[in-house]
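Student:
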Amino acid sequence: MNYDKADRVARKAYKDVPLYINRSMDNNEEINIHNVSIIKKEDLIDRQDECLEPAAYMDYMQNKLICLRTSGSTGHYLQIMWKMSDYQHSMAELWLRRIKYYGIRPDSRLACFFTDNRFEEDKNYVRKNNELAISKLLILPETIDEAYRMVMDWNPEWMILQPSTAAVLVEYIKRTGAGTPDALKYIEFTGEILTDDLRAAVQDVFNCRTADQYGANEVNSIAYECPCGNKHIMSSNVMVEIADENNNIICDSITPSDCTESGRIILTSLTNTAMPFIRYDIGDVGKIIWEPCKCGNHNPILCLSGGRCNDYIYLNETDRISPYILVAIFDKVNMILDGAIIQFYVEQTAYDEFNITLYTDGDVYEDEVSDTFMSCIDNECLKHMKYHITYTEHSINTGTNGKYTYFRNRVINRLVYDELK
Ligand SMILES: [Zn+2]
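In terms of the numbering used here, the sequence shown has 180 at position 118, counting the first letter as 1, and numbering is strictly consecutive.
Laid out in structure tokens, this is it:
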């Protein structure tokens, strides 16, 4: 491996894409991946219009791009665009490994849970070909029976679960004695930090193999766990660099190194040509390990040490629900109001009270956003709570130590999964 591909995509982005052209250095040094600066999520959400490569604009106007509105797990909304062929290319290595390790193919029956409304119909679930996607809005105490019945009827061969969703399902199955799908042979975790306890509980309850996948809508798959338990970087899809607090790159996924220090994860997409991500700070923390692995994959191993960690919403002293419920509501508002919310941040201040901060662009009517938000809450336990919504026209700084979060519980300060038995 060398830096040629990364250099090429960097050069092209800095030549063609307004966002990067505006960041270009004044000197005449030729652009390469090592002399461009790190770009942050906030830099992009403020300049959404400048992120596309000019040729992709045509495709965008003709509705030919894959468009993922949300990257809601950090609270920042960014419209992520992909050309269909690039998207497939970005998933190729992941699919090769799913097939090889677990016998899971693109046509295997899948059940997953979504927060974003990437589907046309405003439905709580969508069945499409071999995929059943269920809204996270259904994973609430009064509707989880219905959601789980759908999973059982579908009898999936595999599931993609965020750890917090997996935790709720495990609790539900243990509490009710519900069965598990007969055909299920594999569960893939994604989207949040996975703990050993939760993995053990899932394997025990569902009696299937599991693997952890680290990815993001911006670049798709970043690292995937092999059967030896190591998350190997998807080198055909991304270049990963680790940056220290002074923005110095301390190591990368191309040149083997002894450096095992943790730092901010910086990504360069090698496949997304429509919306290039060059030295992009994803908001997670980790380190790169170069060690031979028995699985035979020579790509370096990524260890995440921070990441998208969120508290739970507590309904009372004992009952808790995932804050993804809120993400699903904001996604719905954005679908109705065409992306009015750029970023959200929520604090639970009492069992029945929330402070919400919304970053919107100046053109929206705040009352309309607030009314739409209230009308999108269709679950009884959330409906009766008090919401104090404030608006800002600047991005909200919610990160600490390089970790983003969109939700904080100020009532009970506990981290996700810590009590999972
Ligand atoms: Zn391995």
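Backbone N, C-alpha and C fix where the C-beta goes; we use that ideal spot for every residue, glycine too.
Only a predicted model underlies this, so the values are computations on that prediction, with no experimental measurement involved.
#1: What do you get for C290, buried or exposed, if any count of 16 or more other CB atoms within 10 angstroms of its CB means buried?
#2: For the region 408-421 against the region 246-253, do three or more pairs of beta-carbon atoms, one drawn from each stretch, fall closer than 8 Å, so that the two count as touching?
#3: Flag this pair as yes or no: are the beta carbons of G549 and I304 separated by less than 8 Å?
#4: How would you write the range of the beta strand (DSSP E) that F176 sits in, first residue to last?
#5: With which residues is R70 paired in a DSSP beta bridge?
#6: Any heavy atom of ligand 1 closer than 7 Å to the CB of H360?
#7: If you draw a straight line from the C-alpha of P362 to the C-alpha of W352, how long is it?
#8: What is the C-beta distance between I328 and I100, in whole angstroms, given that I count them as a contact (C-beta under 8 Å)?
#9: Where does D274 sit, in a helix, a strand or coil, going by DSSP?
#10: In whole angstroms, give me the CA-to-CA distance for C355 and S319.
#11: Return helix, strand or coil for A412, following the three-state DSSP convention.
#12: Below 7 Å, is the gap between the Cβ of C288 and the nearest heavy atom of ligand 1?
#13: Expressed to the nearest angstrom, what Euclidean distance is found between the alpha-carbon atoms of A102 and T335?
#14: I'd like to know whether the C-beta atoms of L200 and E208 end up nearer to each other than 8 Å.
#15: In angstroms, rounded to a whole number, what distance separates the CA positions of I190 and G165?
#16: State the DSSP-derived secondary structure class of F181, mapped to helix, strand or coil.
#17: Do you know offhand how far A240's Cα is from N292's?
#18: How big is the Cα-Cα spacing for E473 and E379?
#19: Could you round the C-beta distance between Q141 and C129 to whole angstroms and report it? I think they count as a contact, below 8 Å.
#20: Measure the Cβ-Cβ separation of L223 and F176 and say whether it is below 8 Å.
#21: What residue ranges within the region 372-447 form continuous alpha helix (DSSP H) runs of no fewer than 4 residues, ordered along the chain?
#22: Provide the residue span of the alpha helix (DSSP H) that contains A262, from first to last.
#23: Which residues bound the alpha helix (DSSP H) around R211?
#24: Just how far apart, CA to CA, sit I404 and G358?
#25: Considering only residues of the same chain and omitting the five flanking positions on each side of P377, which have a CB-CB separation below 7 Å?
#26: Return the CA-CA distance between A195 and V188, expressed in angstroms with no decimal places.
#27: Can you list, in chain order, the residues of its chain whose CB lies under 7 Å from that of A75, leaving out five sequence neighbours each side?
#28: Restricting to Cα atoms, I'd like to know which of R70, M153, I95 is closest to S298.
#29: Whole angstroms are fine: how far does the CA of L364 sit from the CA of K445?
#30: Which term fits R211, buried or exposed, when burial requires 16 or more other beta carbons within 10 angstroms of its beta carbon?
#31: Helix, strand or coil, according to DSSP, for I161 in the structure here?
#32: Evaluate K349 with the Cβ neighbour count: other Cβ atoms within 10 Å of its Cβ, from every protein chain shown; 16 or more gives buried, anything less gives exposed.
#33: If you draw a straight line from the C-alpha of L256 to the C-alpha of L106, how long is it?
#34: With L246 and E287 assumed to form a contact (beta carbons below 8 Å), what rounded beta-carbon distance in angstroms separates them?
Tutor: Reading from the atomic positions:
#1: exposed
#2: no
#3: This structure cannot speak to residue 549, because the chain is shown only from 63 to 483.
#4: 172-176
#5: Paired residues: none, contrary to the question.
#6: no
#7: 5 Å
#8: For I328 against I100, the beta-carbon gap comes to about 6 Å, under 8 Å, which counts as contact.
#9: strand
#10: Answer to the nearest angstrom: the Cα atoms are 16 Å apart.
#11: strand
#12: yes
#13: Looking at the sequence shown, residue 102 is not Ala but Lys. Roughly 18 Å separates the two Cα atoms.
#14: L200 places its beta carbon less than 8 Å from that of E208.
#15: Looking at the sequence itself, residue 190 is Lys, so the reference to Ile does not match. Their Cα atoms are separated by approximately 21 Å.
#16: With a pLDDT of only 47 at F181, under 50, the local geometry of the prediction cannot be trusted, and no value is derived from it.
#17: 32 Å
#18: The sequence shown places Val at residue 473, not Glu. Computed Cα separation, rounded: 10 Å.
#19: That pair is a contact at about 6 Å.
#20: no
#21: 386-398, 428-438, 442-445
#22: 258-268
#23: That run of the alpha helix (DSSP H) goes 206-216.
#24: 43 Å
#25: Checking the sequence, you will find Leu at residue 377 rather than Pro. Cβ neighbours of L377 beyond the five flanking positions: I383, Y413, C443.
#26: 5 Å
#27: Y82, P338, I340
#28: Put simply, of R70, M153, I95 the residue whose alpha carbon is nearest the alpha carbon of S298 is M153.
#29: 41 Å
#30: exposed
#31: DSSP, read as helix, strand or coil, puts I161 in helix.
#32: Buried.
#33: Rounded to the nearest angstrom, the two C-alpha atoms are 28 Å apart.
#34: Wrong, their Cβ atoms sit about 18 Å apart, outside the cutoff.
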